[in-house]
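As you go down the protein sequences, you meet chains P and H in turn.
Heads up, the first sequence is in this note's numbering, so the first residue is 6 and it goes up one at a time.
Heads up, the second sequence is in this note's numbering, so the first residue is -5 and it goes up one at a time.
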Amino acid sequence: MTEPETQGSEPAGAPPPPAVPPAAVPVPPATPAVPVNFANGEWHRLHPATPLFRGGLAFIAIIGVLLVNLRDRLVSVFFGADRGGLPRTGGDFEADAIDYIVREELVVLALLAGVGVLLLLITGFWLSWRMHTFRITDEVVEVRSGILFRTNRKGRLDRIQGINIGRPIVPRLFGAAKLEITVAGNDANVPLAYLRGRDADALRQEILRLASGSRRDGVAAGNAAPAGLAAEALGQATAARPLPAAGRVFDARLTELRASEIDVDLIAPQSVVRMNPGRLIGSTVLSDTTVVLVALLIGLGVFVAVTGELLLLLTAFPAMIGLGGFLVARITRSLRYSIAATPDGVRVGFGLLSTTNETLPPGRIHSLKISQPLLWRPSGWWQVAVNRASRSSQSGAAGQQQTTILPVGNLDDVRAVVQLLLPNVAVDDALPVLEHGLLGRGNDGGFSISPRRARPLRWFSQPRNGFAVTDAAVLLRTGSIWRSLTIVPLSRAQSVSVYQGPVLRALSLASVHVHTVSGPISASVGALDRDDAMRLFDTVAASTVRAAQTDTSHRWSQQ
Amino acid sequence: MLWHRVSPKYIVVDMIGTLTFGAVTTAVSFVPFWLGWSEGWILGAAVAALFVLSLTLTPRRVRAIGYLLRDDDLLFRRGVLFQRFVAVPYGRMQLVDISRGPITRAFGLAELKFVTAAASSGVLIPGIPLAEAEELRDHLVAVAETRRAGL
Chain P
6 MTEPETQGSE PAGAPPPPAV PPAAVPVPPA TPAVPVNFAN GEWHRLHPAT
56 PLFRGGLAFI AIIGVLLVNL RDRLVSVFFG ADRGGLPRTG GDFEADAIDY
106 IVREELVVLA LLAGVGVLLL LITGFWLSWR MHTFRITDEV VEVRSGILFR
156 TNRKGRLDRI QGINIGRPIV PRLFGAAKLE ITVAGNDANV PLAYLRGRDA
206 DALRQEILRL ASGSRRDGVA AGNAAPAGLA AEALGQATAA RPLPAAGRVF
256 DARLTELRAS EIDVDLIAPQ SVVRMNPGRL IGSTVLSDTT VVLVALLIGL
306 GVFVAVTGEL LLLLTAFPAM IGLGGFLVAR ITRSLRYSIA ATPDGVRVGF
356 GLLSTTNETL PPGRIHSLKI SQPLLWRPSG WWQVAVNRAS RSSQSGAAGQ
406 QQTTILPVGN LDDVRAVVQL LLPNVAVDDA LPVLEHGLLG RGNDGGFSIS
456 PRRARPLRWF SQPRNGFAVT DAAVLLRTGS IWRSLTIVPL SRAQSVSVYQ
506 GPVLRALSLA SVHVHTVSGP ISASVGALDR DDAMRLFDTV AASTVRAAQT
556 DTSHRWSQQ
Chain H
-5 MLWHRVSPKY IVVDMIGTLT FGAVTTAVSF VPFWLGWSEG WILGAAVAAL
45 FVLSLTLTPR RVRAIGYLLR DDDLLFRRGV LFQRFVAVPY GRMQLVDISR
95 GPITRAFGLA ELKFVTAAAS SGVLIPGIPL AEAEELRDHL VAVAETRRAG
145 L
């Protein structure tokens, strides 16, 4: 699907590569024989074209626009072609700085000033690249940056919540990628932007290996794969020698663009969940947002038909544009969605033109919510969201990517995703409980539900509203119209509370809240029988302590 | 094991707080009356009555606050009408905060906050004598260290 497109962009994409080498001359041209081992504890620099990607391109574009606009004038200045309009009226001179400069014969001075500013900017960009260094030791990842105001950021490897590789469209064309290491905390990221795509992949693997706590002798094995890869790439390069250098680089870029978001060698194929385009479009059209907007538009249409105020139709345009943008963004983001298990955690990939893929080490999911909007029910679609200890600044369409792990999927997909994300929760014994949590009602599958006297508070959902506790997690089932199931792994629960206000007391009910790190999911269930609630409270309090003591997922490979 | 209650002096502290807040709110709610709305005094009177009621309930509310140091977790309770129990495993502690305002300091009290990675845990024990608060803090830190868990 994407191939015709990337090929189609070939003529459009062709000019940039030749443009790169001049910009990147000080460094050896794009392909070093072996990828650098960035994780050796020494200080390293980022991709030399980094300044270009971080605003340099916009800068060049501005200069380009300026040059195009001034072309006529430059021609007239340098070739003395007499422009008829030049000695027109006095008013024009004042309005036009260029005319003024020409008049006053300040051309040389103006050019010098322009070149000076340009040099200053380029030096600034170059210095900021030069001063931006990072290193990865066995314990921490550390970044130093800034020219005048130096910042130094350190992240502890055993607190890594995820590693994100982002490829925005322009750097992607140049084969660069952005690596973002998220550690626990609000927006506590250590971004490394930008690196060569291949280096970024190798570095991620190396950081995860260090973080997993497996010993140093794994290094040889860890390096063997990238080295082999490089040798292969080198072989290809020599085979393709007749090609001119630029062509070869371009060829490599094209392969990278077409390549699947996930490294096929690393994953077990049966663990992969991919997006079905029809389902994606269908689910987007049937989402609550769309329905509300369409209802609003219909309402507006009726109003206009009744009152005959056609001008009111204009007010609908912003809504239409917004809706269109939302739908397109959602679809293009999720079209190449995939999730798969790798040895060092679950990898989630998104994006069509700008891609991101993130590796979540084991035990980083603090709670998980499976929900189903009303309109998805006939087709049996579900959505999975998670709470995590880190909040990345790299949020995609409406912040969707960071918390929505599965945009839409059927029951099998949900089961696979839960098994990937919470492997010790979704053991074989627990799968039936999970299924009852999604579809069931009543006491089946070990669920305790609200008593009948809770009807005034849970009109429709009373037979569904309840909880179950398995060995490794607590499952909270709520909602009958908008069904949802919240799973909190006991090894991640921070605390638990039980609450009773006057209304609940009158009905002899209580509600329970399992506290996790903040996020879109609030794990609570209300209107439980008082004794059930106390039992749940005591069970969760005791098992949380037990689970936390046996949990070793912060160093997941350590024995 | 027994529930630790907060100091009875905290009743006075809480009452001073309620009185101050109540006086200001009552004054504000009388503004419509002064501006010429003749039935406006009902609003002001209602607000004042609410605060008086709250004031009379303060001793019971303060006596309901308590904490229990169990083997592996801290149990905290508060509320009479709106009751809440929280159980926090010691290993989940991220930090302990002791803070003292001017009024609490005048009474020799302190407020201890047990912070976990979850913002909603909300364990805030008010009205502990300073010496006891510091002792409790050191105890919590020591216990948490032996039960250190991941996030």
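Backbone N, C-alpha and C fix where the C-beta goes; we use that ideal spot for every residue, glycine too.
Following the continuous beta strand (DSSP E) through residue i, name the residue where it begins and the one where it ends.
i      : result
P:S3   : Because chain P here runs from 6 to 564, residue 3 of chain P falls outside it and cannot be looked at.
H:P26  : From DSSP, H:P26 is part of no beta strand (DSSP E) but of the alpha helix (DSSP H) over V25 to W28.
H:P83  : Q77 to P83
P:T364 : T360 to L365
H:G63  : For clarity, residue 63 of chain H is Leu in the given sequence; the question names Gly instead. Note, H:L63: beta strand (DSSP E), G60 to L63.
H:E105 : L103 to V109
P:L317 : Segment: none, P:L317 is in no beta strand (DSSP E) and carries neither H nor E.
H:D91  : L89 to S93
P:W387 : W387 to N392
H:R71  : D67 to R72
Which first and last residues belong to the alpha helix (DSSP H) in which residue i is found?
i      : result
P:D556 : Unbroken run through P:D556: none, as it is neither H nor E.
P:L439 : L436 to L444
P:Q467 : First-last for P:Q467: undefined, no H or E at that position.
P:R488 : Premise fails: P:R488 lies in the beta strand (DSSP E), R488 to P494, not in any alpha helix (DSSP H).
P:V423 : L416 to L426
P:R201 : Careful: P:R201 lies outside any alpha helix (DSSP H), inside the beta strand (DSSP E) at N194 to R201.
P:E47  : P:E47 -> no alpha helix (DSSP H), and no H or E assigned at all.
Could you give the C-beta distance for residue i and residue j, rounded to a whole number, given that I count them as a contact under 8 Å?
i      : j      : result
P:T475 : P:V438 : 6 Å
P:L215 : P:D143 : 6 Å
P:A498 : P:V517 : About 11 Å separates the two Cβ atoms, so there is no contact after all.
P:I165 : P:I186 : 6 Å
H:Q88  : P:Y504 : Incorrect: roughly 23 Å between the Cβ atoms, too far for contact.
Taking only beta-carbon atoms, is residue i less than 9 Å away from chain H?
i      : result
P:S500 : yes
P:F542 : yes
P:P456 : no
P:R164 : yes
P:S150 : no
P:S523 : yes
P:S527 : yes
P:L427 : no
P:G368 : yes
P:G506 : yes
P:T156 : no
P:H520 : yes
P:V550 : yes
P:Q554 : yes
P:R497 : yes
P:A394 : yes
Establish whether the CB of residue i and some CB of chain P are separated by less than 9 Å.
i       : result
H:L130  : no
H:G116  : yes
H:G60   : no
H:L75   : yes
H:R86   : yes
H:D67   : yes
H:F45   : no
H:W(-3) : no
H:V135  : no
H:A143  : yes
H:T156  : Past the boundaries of the shown model lies residue 156 of chain H; chain H is included only from -5 to 145, so the question cannot be answered.
H:P83   : yes
H:A39   : no
H:A155  : Lying before the first or after the last residue shown, residue 155 of chain H is absent from chain H, which here runs from -5 to 145.
H:A113  : yes
If we require 3 or more residues per run, which beta strand (DSSP E) segments fall completely within the stretch 512 to 553 of chain P? 514 to 520 and 528 to 534
Quick one: any contact between the stretch 113 to 127 of chain H and the stretch 88 to 103 of chain H, if contact means 3 or more CB pairs under 8 Å? yes
For the stretch 54 to 64 of chain H against the stretch 479 to 493 of chain P, are there 3 or more C-beta pairs whose distance is under 8 Å? no
Does the stretch 413 to 430 of chain P come into contact with the stretch 327 to 338 of chain P, if we say contact requires no fewer than three beta-carbon pairs (one atom in each stretch) closer than 8 Å? no
Count the C-beta pairs between the stretch 331 to 343 of chain P and the stretch 281 to 290 of chain P that are closer than 8 Å, then say yes if the count reaches three, no if not. yes
With three or more beta-carbon pairs closer than 8 Å as the criterion, would you say the stretch 499 to 512 of chain P touches the stretch 356 to 366 of chain P? no
Does the structure place the stretch 551 to 562 of chain P close enough to the stretch 461 to 472 of chain P that three or more beta carbon pairs sit under 8 Å? no
Flag this pair as touching only if the stretch 51 to 60 of chain P and the stretch 172 to 180 of chain P have three or more C-beta atom pairs under 8 Å; answer yes or no. yes
Check whether the stretch 389 to 396 of chain P touches the stretch 512 to 530 of chain P, counting contact only when three or more Cβ pairs, one atom from each stretch, lie closer than 8 Å. yes
Across the stretch 448 to 468 of chain P and the stretch 37 to 54 of chain H, are there enough close Cβ pairs to call them in contact, namely three or more that are closer than 8 Å? no
Taking contact to mean at least 3 C-beta pairs separated by less than 8 Å, is the stretch 26 to 37 of chain H in contact with the stretch 127 to 140 of chain H? no
Three or more C-beta pairs closer than 8 Å, one from the stretch 126 to 134 of chain P and one from the stretch 308 to 315 of chain P: is that the case here? no
Only counting runs of 4 or more residues, tell me where the alpha helix (DSSP H) segments fall wholly within the stretch 152 to 183 of chain P, in order along the chain. 174 to 178
Assess contact between the stretch 408 to 416 of chain P and the stretch 375 to 391 of chain P, defined as three or more Cβ pairs (one per stretch) separated by less than 8 Å. Is contact present? yes
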